[in-house]
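Numbering (this note's numbering), first residue to last: 246 to 580. Positions of the beta carbon are idealized from the N, C-alpha and C atoms, including for glycine. Read through the structure below, which is laid out as structure tokens, and then see the notes.
Listed below in structure tokens is the structure:
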């Protein structure tokens, strides 16, 4: 049973369209509330958009895009099929399938991703005796290891550091997380790589929240496992990256477990090109009677710097401002 929906795109940039063609946008974006029930396990006749359905969706419509979930007998998501429509009408939709495997302890230990029936990436996870994900490895379609991430936690099992090695160990990115009142408030990233200037740089993130709005959605994937989905949604080849455009929130996947309130703003200061670039991403929402978001709005404002060659042999640094925004409605279906 599918629910009627509307979608409004605003100020869609050429950069976003190119990004879509490179990789599926994974606009499962805001697969709000992957909370535990599937097509085969949902109670028959469960009405759409009810509280039970929002906690147990078999399909989520996000604007024009749709995400279909399949669950095992333990109500764990084992397959996620995402159909994402291009902003260019002549482009066919991209179909991305995530297959999730669990170990005997109920922890996801492997995730495979295919696009339009072609295998792309496999992720494998390792846990310590306390059930914390401490290592996540990424392999390409040929089975070659391309990236490894190691996670560290504090005594309350909260992620404090993530170290990612890629390109055969030649590139290591480190993220350090800070918290306040149960929410992620800062992240410092070291050793990001700028492919244009061929230089390494650092970036500082700060997060603010709507303190009166509880984030009622339940996440299944957090830490490195959550970043797996978040980075894919952002069309990024690496788990750790600098966002180059506005990205949809994935409430079913979170960077850390400490995101108790609804996100309001992310400010990012990149220390590169002998200056400080500031990027701001703002979010706002409309809610239903149960406190779940029904509409998400977002806006992105930042700059892109790049060197361009000149006939005189000396490259020139071009600074291009970027602004874009979006609005999406959400509907939950239960078959």
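Strand pairing of residue i, partner residues [DSSP]
i, result
"residue 306", "311 and 576"
"residue 359", "342 and 364"
"residue 522", "515"
"residue 449", "433 and 514"
"residue 443", "Residue 443 pairs with nothing; no bridge assigned."
"residue 323", "Answer by DSSP bridge pairing: none, since residue 323 is not bridged."
"residue 566", "548"
"residue 529", "542"
"residue 316", "322"
"residue 328", "311 and 340"
Same chain, Cβ closer than 6 Å to residue i, five either side skipped, listed in chain order
i, result
"residue 516", "446 and 447"
"residue 355", "346 and 369"
"residue 566", "548"
"residue 399", "405"
"residue 551", "441 and 563"
"residue 348", "354"
"residue 568", "546"
"residue 561", "553 and 555"
"residue 557", "none"
"residue 449", "433 and 514"
Reduced DSSP secondary structure (H/G/I, E/B, other) of residue i
i, result
"residue 474", "helix"
"residue 299", "helix"
"residue 538", "strand"
"residue 556", "coil"
"residue 469", "helix"
"residue 336", "coil"
"residue 435", "strand"
"residue 349", "coil"
"residue 354", "strand"
"residue 547", "strand"
"residue 369", "strand"
"residue 427", "coil"
"residue 457", "strand"
"residue 420", "strand"
"residue 257", "Because residue 257 carries a pLDDT of 38, less than 50, the predicted location of this residue cannot be relied on, and no value is offered for it."
Anticipated Cβ contact below 8 Å, residue i with residue j, distance rounded
i, j, result
"residue 434", "residue 420", "5 Å"
"residue 342", "residue 328", "Wrong, their Cβ atoms sit about 10 Å apart, outside the cutoff."
"residue 424", "residue 393", "25 Å between Cβ atoms; not a contact."
"residue 405", "residue 417", "So it is not a contact: roughly 17 Å between Cβ atoms."
"residue 316", "residue 323", "6 Å"
"residue 496", "residue 466", "Contact doesn't hold; Cβ gap of about 11 Å is too wide."
"residue 303", "residue 578", "6 Å"
"residue 545", "residue 490", "6 Å"
"residue 296", "residue 312", "Incorrect: roughly 19 Å between the Cβ atoms, too far for contact."
"residue 520", "residue 514", "Incorrect: roughly 10 Å between the Cβ atoms, too far for contact."
"residue 378", "residue 488", "About 23 Å separates the two Cβ atoms, so there is no contact after all."
"residue 387", "residue 500", "With a Cβ gap of about 29 Å, residue 387 and residue 500 do not count as contacting."
Cutoff 7 Å; reference residue i; Cβ partners in own chain excluding five residues on either side
i, result
"residue 458", "506 and 507"
"residue 385", "366 and 391"
"residue 439", "446 and 517"
"residue 455", "506, 507 and 509"
"residue 376", "350 and 352"
"residue 533", "539"
"residue 372", "352, 378 and 379"
"residue 361", "339 and 340"
Cβ shell of residue i (< 8 Å), same chain only, five flanking positions each side left out
i, result
"residue 486", "437, 476 and 479"
"residue 483", "392, 409, 411, 418 and 476"
query: Where in the stretch 371-417 do unbroken runs of the beta strand (DSSP E), each at least 3 residues long, occur, reported from the N-terminal end onward?
result: 378-385, 390-398 and 404-411
- request: Mind listing, in chain order, the continuous beta strand (DSSP E) runs of no fewer than 3 residues lying wholly within the stretch 476-517?
  value: 506-517
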